[in-house]
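Heads up: the sequence shown runs through residues 6 to 486, numbered per the working numbering. Input: a single structure, listed below in structure tokens.
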Amino acid sequence: MGSESLSQSLNEMLKFTLLGSAASVLAPRLGTLAIAGRKSLSTPHYVPLTSRGMVPHLAHDVMRDSTSIGSLFIGLEDFIEKEQQPKKSRSPIYSVPTESHESALRKFICLPDDLLLILGARREPPIACPPSNTPTSIAILTSVGFTQLEGAQYVEAIRKLNPDIVVGLADLVVGQNPGVKRRPKMVDRTHAFTIRGTDELYGPDTSAEIRSNAAYFAPILPLENTEQQIYLEDLESDLRPFISGLALYEPASLSIVPEALGDLPRLLFSGPNTPHDILREVSLGADLLTIPFLSLSSDTGMALTFAFPSPSNADLKPSSEPLPLAEDLWSSSYTTDTAPLVKSCTCYTCRNHHRAYIHHLLTAKEMLAWTLLQIHNHHTMDLFFANIREGIQRGTFDTDTQSFQQTYAPDFPPATGEGPRLRGYKLPASGPFQQRRYPPAYGKLDLAAEKFAESQSSLATPDTGAEGLEEHGFAEKVRIE
Ligand SMILES: [Zn+2]
6 MGSESLSQSL NEMLKFTLLG SAASVLAPRL GTLAIAGRKS LSTPHYVPLT
56 SRGMVPHLAH DVMRDSTSIG SLFIGLEDFI EKEQQPKKSR SPIYSVPTES
106 HESALRKFIC LPDDLLLILG ARREPPIACP PSNTPTSIAI LTSVGFTQLE
156 GAQYVEAIRK LNPDIVVGLA DLVVGQNPGV KRRPKMVDRT HAFTIRGTDE
206 LYGPDTSAEI RSNAAYFAPI LPLENTEQQI YLEDLESDLR PFISGLALYE
256 PASLSIVPEA LGDLPRLLFS GPNTPHDILR EVSLGADLLT IPFLSLSSDT
306 GMALTFAFPS PSNADLKPSS EPLPLAEDLW SSSYTTDTAP LVKSCTCYTC
356 RNHHRAYIHH LLTAKEMLAW TLLQIHNHHT MDLFFANIRE GIQRGTFDTD
406 TQSFQQTYAP DFPPATGEGP RLRGYKLPAS GPFQQRRYPP AYGKLDLAAE
456 KFAESQSSLA TPDTGAEGLE EHGFAEKVRI E
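As structure tokens, then:
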């Protein structure tokens, strides 16, 4: 296949159409991202995050029936079991029988065909790993501990799992700012990952049978323009035919996207803290965003209550207090509140249940609480983005953003209640072999029996007599004169 027809076939995998003269950087822009066989996404939009293949608290049928989720981001590290050298210890996801056009990833987690799947090496947000990345691999946290994911292993996973979009490997430093010496290394390694990855997936030496169908999103590092100049230039020239999008890790990177790459969709992993951050990122030209605070709000019992554009002044009570971005359903003020989470909301939760019920479910630690909150919060975010797109189209995005900032509090209210039991991947790790965070819920039965037998001698049992009871302090014999 000639290089021209090759680049044509690569471009056919993913079509990103921008509306208007939107290729210009640093302005909000509207687009449509389409991949054959999948629901197309209108951008700007958000990509819901998964944990081990599902959106937390949402079973697949709930997701299908009660949300309008059309895309998912999935971290490969969730599916890898530690070492993969001996064949028999390979992770089960690699053993899914598939036809060449099928995705083992989709089959393994039983997702419908029209859902757009984006695969990255690490979950989002990633947990900092004590071992560091190497020139040929990155450190990951699997369900059984830390390990290294080799670049070649990642390419193999992409081939086998066949996601719709894959985020290229990047040498990122999680949880701290990289030092001056580390930065050039980050660029060199990421550059090498991108060259090797795209070459092995789509290069001219790759036979048609093993050429990947996944669209490649090349990472842009959270560094200055000048620090990654050579890499960016290579993305514009030699690597350009293989790249279908860009993955960015901080909003500032939006301003260093070279003009020649301006028509590519930009997926942002910046971990916005509030909807204000999201609006700022959209205003700088982000197309797809990941929003860790979405599931986090549900986990902490918060119902998102903001709307874009913000309600007009006429609808608001005459007070100077800004509106809260969310409401804490743990608060005892909801004990008897039979209003829906948000009055005008049309989500499943608000149509069928009220605040008092969700407050009760939370205090009873009933899992349904988090499911109902997750449905409402995703619906709120769907609406938020739909209205952002409408605002851009109407040309009122900037003024709407300004009034949103004036109407709503700058931050979420502090969380007060407990969330569901935390899992390892939600907590920063201090190092390998750290102590258990929770006492084991179950012990060995024979161990318990042994303990019981030991304590028998000092215990009062049902077959004991009145003297035995007195001896153990259970009762006193009353002597009748
Ligand atoms: Zn709702």
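The beta carbon of each residue, even a glycine, is placed where N, CA and C say it ideally should be.
Do Gln407 and Ser300 come within 8 Å of each other at the CB atom, strictly closer than that value?
-> It is not a contact, given that the beta carbons lie outside the stated cut-off.
Extent of the continuous beta strand (DSSP E) to which Phe21 belongs | Where Phe21 is concerned, the enclosing beta strand (DSSP E) stretches over Leu19 to Leu24.
Verify whether the separation of the beta carbon atoms of Pro314 and Phe389 is less than 8 Å.
-> Annotated as distal: Pro314 and Phe389, with beta-carbon spacing of 8 Å or more.
Hey, which residues come within less than 6 Å of ligand 1, measuring from Cβ to any heavy atom, in chain order?
-> Of all residues, those with a beta-carbon under 6 Å from at least one heavy atom of ligand 1 are Leu346, Val347, Cys350, Cys352, Thr354, Cys355, His381 and His384, reported in chain order.
What is the DSSP secondary structure of Ala252, reduced to helix, strand or coil?
-> Note: Ala252 maps to strand in three-state DSSP.
Tell me where the alpha helix (DSSP H) around Tyr207 begins and ends.
-> In this chain, the alpha helix (DSSP H) harbouring Tyr207 covers Arg187 to Tyr207.
How big is the Cα-Cα spacing for Asp403 and Ser288?
-> Their backbone Cα atoms lie some 8 Å apart in a straight line.
By a C-beta neighbour count over all protein chains shown, 10 Å radius and 16 as the cutoff for buried, is Val483 buried or exposed?
-> Val483 should be labelled exposed.
With contact counted as at least three CB pairs below 8 Å, one residue from each stretch, are the region 98-108 and the region 244-257 in contact?
-> Contact between the region 98-108 and the region 244-257 is absent, because fewer than three Cβ pairs lie under 8 Å.
Taking the C-alpha atoms as reference points, what is the distance between Glu286 and Pro135?
-> Within the model, the alpha-carbon separation for Glu286 versus Pro135 is close to 30 Å.
Reference Ala39; option with closest CA among Leu31, Leu23 and Pro53 = Answer by Cα proximity: Leu23.
For Leu166, which of Leu81, Leu54 and Pro425 has the nearest alpha-carbon?
-> For the residues Leu81, Leu54 and Pro425, the minimum Cα distance to Leu166 belongs to Leu81.
Any idea if Ile296 is buried or exposed, counting beta-carbon neighbours within 10 angstroms, 16 or more meaning buried?
-> Classification for Ile296: buried.
For Leu328, is the beta carbon positioned less than 7 Å from some heavy atom of ligand 3?
-> Ligands in the displayed structure: ligand 1; ligand 3 is not one of them.
Outcome for Ser317 when other beta-carbon atoms lying within 10 angstroms are tallied against a minimum of 16 | By the 10 Å Cβ count, Ser317 comes out exposed.
Cβ pair Thr340, Gly424 closer than 8 Å = In this structure, the beta-carbon distance from Thr340 to Gly424 does not fall below 8 Å.
Between Ala109 and Thr55, what straight-line distance do the alpha-carbon atoms span, to the nearest angstrom?
-> Cα to Cα, the separation comes out at about 17 Å.
Assuming Ala308 contacts Asn382 under a Cβ cut-off of 8 Å, what Cβ separation, rounded to an integer in Å, is found between them?
-> Indeed they touch by this definition, with Cβ atoms about 7 Å apart.
Counting only beta-carbon atoms, is Ala308 nearer than 8 Å to chain D?
-> No chain D appears in the structure shown, which is made up of a single protein chain.
Identity of the residue in Tyr353, Thr368 and Ile363 nearest Asp342 by Cα = Its Cα nearest to that of Asp342, the residue Ile363 stands out among Tyr353, Thr368 and Ile363.
Helix, strand or coil: which one does DSSP assign to Ser71?
-> In this structure, DSSP gives Ser71 a helical state, which the three-state scheme calls helix.
Whole-angstrom C-beta distance between Arg164 and Ile215, which should lie under 8 Å | Confirmed, Cβ separation roughly 6 Å.
So Gly306 is in the alpha helix (DSSP H); what residue range does that whole segment cover?
-> For Gly306, there is no enclosing alpha helix (DSSP H), as DSSP gives it neither H nor E.
Which one or two residues does DSSP pair with Ile563 in a beta bridge?
-> In the structure as shown, the chain starts at 6 and stops at 486, and residue 563 therefore has no counterpart that could be examined.
For Met59, which residues does DSSP report across the bridge?
-> Ser56.
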